[in-house]
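Following: one structure in structure tokens, then a few remarks.
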Amino acid sequence: MRKILDLLFLAAVAKAVTFRVVAPGATDVQVSVNGQLTKLTASDPDVPYFTGDANASPDSKYKYVAGGNAEPFDRTLEQGRDKTRNDFFNRSVTYANIPKLPFPIPENPWTRSGKEAPMFDSNYIPTIFMTGNPADMDNLVKNVPATLYNDTKFTFIGPEEGCSFGIHGAGKKHNNNKQSWRWTLPKGQNIYNRNYIKLRHMEEDPTQMREKLYSDILQAMGVYVGDANVVRFYINGQGFGTFCMLDDIVQYSYINAVFYDGKPPQQMGPLYDGASGADFTISSDEYGSWIPNPASPADSSALAPISEQINHTNYKDDNQVANLSKAIDLDQFMRFMVMEFLAGHWDGYWMEQTNDGAYRDPTDNNKWYYLGQDFDATFGVNLAQDRQFVATSYKNYPQLFPGGVLINNLLQNPQMRTRFETYLKNTTAILFNNYTLTNRVLEYQKFLLPDLEWDRSIKQQSPGINFGWTFPQVTQNLWEGVAAGATPNVTGGAEWGLLEWVAAKSEAVAKDLNVQIVQHPVGPPEDAKGASAPTSPGMSPNGSHSAAASSFIKPFIGFVYAALAVSTGTLLVG
0 MRKILDLLFL AAVAKAVTFR VVAPGATDVQ VSVNGQLTKL TASDPDVPYF
50 TGDANASPDS KYKYVAGGNA EPFDRTLEQG RDKTRNDFFN RSVTYANIPK
100 LPFPIPENPW TRSGKEAPMF DSNYIPTIFM TGNPADMDNL VKNVPATLYN
150 DTKFTFIGPE EGCSFGIHGA GKKHNNNKQS WRWTLPKGQN IYNRNYIKLR
200 HMEEDPTQMR EKLYSDILQA MGVYVGDANV VRFYINGQGF GTFCMLDDIV
250 QYSYINAVFY DGKPPQQMGP LYDGASGADF TISSDEYGSW IPNPASPADS
300 SALAPISEQI NHTNYKDDNQ VANLSKAIDL DQFMRFMVME FLAGHWDGYW
350 MEQTNDGAYR DPTDNNKWYY LGQDFDATFG VNLAQDRQFV ATSYKNYPQL
400 FPGGVLINNL LQNPQMRTRF ETYLKNTTAI LFNNYTLTNR VLEYQKFLLP
450 DLEWDRSIKQ QSPGINFGWT FPQVTQNLWE GVAAGATPNV TGGAEWGLLE
500 WVAAKSEAVA KDLNVQIVQH PVGPPEDAKG ASAPTSPGMS PNGSHSAAAS
550 SFIKPFIGFV YAALAVSTGT LLVG
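Residue numbers (numbering that gives the first Met the number 0): 0 to 573.
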């Protein structure tokens, strides 16, 4: 009798709920709600995205069944929702609760980009499907030709939505056998104000976390950095692994989204990709290191006036520095440089004068904006310096790296030097340390691990270098250096653990500048008081302090992208 009453009660409170799941490789998918099975269907036969309605009460347990195989765990409906997020088959956590980073520089954060796009929500791992002619896709992957393929479809599945676009693509044969990819959407079609996105393979980094982490920290510092998120990538239903999806800062897609929140001026300003030698010095080759975007309304000679002003400014004169700040955003540039220093970004502006960019904003009195990009050579990866370099003071950088003329000159000005030091000290004190950042990294890695394990199990099909990082090294390289071993004489450059670097760098800055580092993780102002201390800050999983590895780190090996361009598009239900 009691069981009958319980069933009657559940029936009374039950309501129709839409269940949604991504199930690669499946054709027959059901949802089991309290043991009752309901068939789900895929509206697009090329995309394993299954949906359907079933009655469920707020406390119902559910799981998915694909091809007769049920998930080995129960799921719980989120309170107040009449549809699930886009679940992923056999992944128990759909939407995480990753600790938020604090705001170490509360003054004048960048707000022009509006709210964060859901596609870059760190609490969710989107899935991307590319579908095309099998022979064409096989040729693209295995031979990486420059041929463009038409009538190919790109489908993006985020936490709540699904978008499908037709694409054509091309690849190049270079370096890593796990290629990187990029695609464009046709004119007039955007996904969260963007029509150009790239996927980086992250094969230089065993943890696959450095690039996104760098971007996340800059965002917390109030910087207009390109967004980044980890995604799963499939071609014609076959998994190619996890990638870092990010804005390409030398494309107007990034400018449209981050500078104008999707409402750009009729004519956007000049945009440049900074190659090796893009340093803001007065150039004798018409500023050839600054490569204009094909749609840029001005060529590289437009960099001449700002470069001349940078080099002719008397940095001892506050008025001249103030005038320079009207011509180029020095405050944001300072934040970029603080992060370059903290993360040991050797392949950026200060140390190498490369992997940067510049944009002149016609809506802001033609002010110039420095752009930073390519953050994989960070946190000790491929660093061609000895182990003591992590303790080098920023005060020694101008002598060690004289090519970074803009930052080196700014540090000659007492006010600018004080600002740089303040930003550096505050960021180290509450964010870039072995409490706050370690807490964030460990929680995020826990969320990513099932997909990183899947990624490490995939045999890539393209020609190129294979470092052979193993799944255990994904975690090991948080705490210490690791060596690759898949190919003779290809050892990789991961001789620093990611968190090992964070701990060593923050301790060095604290000692150099007398910084008091927090003793518990800190979040944004609204939840900072609720932060709790990690179990063992500064400790590796086996309970011992991370040991400093020795020896020289190998030179960086770069890569290029397989390019994709979109031709048509429609929206999927979701």
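The C-beta atom is built at its ideal place from N, Cα and C for all residues, glycine as well.
- Could you tell me which residues DSSP pairs with Lys-14 in its beta bridges? Ala-55
- As assigned by DSSP and simplified to three states, the class of Val-440: helix
- Item | Bounding residues of the beta strand (DSSP E) (the contiguous stretch that carries Phe-128) | 126–130
- So, is His-519 buried or exposed, given that buried needs 16 or more other C-beta atoms within 10 angstroms? exposed
- Sub-8 Å separation of Thr-93 and Phe-128 beta-carbons: no
- Task: In angstroms with no decimal places, state the Cα-to-Cα distance between Ala-15 and Glu-159.
- Result: 18 Å
- Task: Since I believe Leu-270 is in contact with Ser-295 (beta carbons under 8 Å), could you give me their beta-carbon distance rounded to a whole number of angstroms?
- Result: 5 Å
- Give the single residue among Leu-447, Leu-410, Arg-181, Gln-372 whose Cα lies nearest to the Cα of Gly-225. Gln-372
- Message: Suppose contacts are defined by Cβ-Cβ distances below 8 Å. Is Phe-18 in contact with Ala-53 by that definition?
- Response: yes
- Message: On a Cα-Cα basis, can you pick out the residue from Glu-506, Val-28, Pro-361, Trp-468 that is closest to Asn-68?
- Response: Val-28
- What residues are listed by DSSP as bridge partners for Arg-19? Thr-50
- Message: On the CB-based measure, 16 or more other CB atoms within 10 Å of its CB, does His-311 come out buried or exposed?
- Response: exposed
- Proximity below 8 Å, CB of Lys-38 to CB of Gly-24: no
- Query: Contact check, Tyr-369 vs Ala-357 under 8 Å by CB: the rounded distance?
  - Reply: 6 Å
- Item | Bounding residues of the beta strand (DSSP E) (the contiguous stretch that carries Lys-424) | Note, Lys-424: premise wrong, no beta strand (DSSP E); alpha helix (DSSP H) at 413–429.
- Entirely within the stretch 256–323 and at least 3 residues each: give me those beta strand (DSSP E) ranges in chain order. 270–273, 289–291
- Message: Taking 8 Å as the threshold (C-beta atoms), are Ala-227 and Leu-245 in contact?
- Response: yes
- Three-state secondary structure (DSSP) at Leu-245? strand
- Member of Asp-330, Val-517, Tyr-396 whose CA lies at the smallest distance from the CA of Arg-341: The identity of residue 341 in the sequence shown is Leu, whereas the question assumes Arg. Closest option to Leu-341, Cα to Cα, is Tyr-396.
- Query: Can you name the residues that DSSP bridges to Gln-237?
  - Reply: Ile-234
- What separation, rounded to the nearest whole angstrom, lies between the Cα atoms of Ile-457 and Tyr-422? 42 Å
- Message: Just to check my reading of the structure: Asp-45 and Thr-241 have Cβ atoms closer than 8 Å, yes? What is that Cβ distance to the nearest angstrom?
- Response: Contact doesn't hold; Cβ gap of about 21 Å is too wide.
- Determine whether the Cβ of Phe-279 lies closer than 8 Å to any Cβ atom of chain B. Given the protein chain composition of this structure (a single chain), no chain B is represented.
- What span of residues does the alpha helix (DSSP H) with Asp-215 cover, start to end? 209–219
- Item | Simplified DSSP assignment, three categories, for Arg-193 | strand
- Using a Cβ-Cβ cut-off of 8 Å (strictly less than) and excluding sequence neighbours within five positions of Thr-353, which residues of its own chain qualify? Gly-273, Ala-274, Ser-275, Gly-276, Ala-277, Asp-346, Gly-347
- Message: Could you compute how far the alpha carbon of Asp-81 sits from the alpha carbon of Tyr-191?
- Response: 24 Å
- Query: For Glu-452, which residues of its own chain have a beta-carbon under 7 Å away from its beta-carbon, when the five flanking residues on both sides are left out?
  - Reply: Phe-470
- On the premise that Asn-96 lies in contact with Asn-122, defined as a C-beta separation below 8 Å, what is that separation, rounded to the nearest angstrom? 7 Å
- Query: Helix, strand or coil: how does DSSP classify Thr-478 here?
  - Reply: Reading off the sequence shown, one finds Trp at residue 478, where the question assumed Thr. Correct three-state label for Trp-478: helix.
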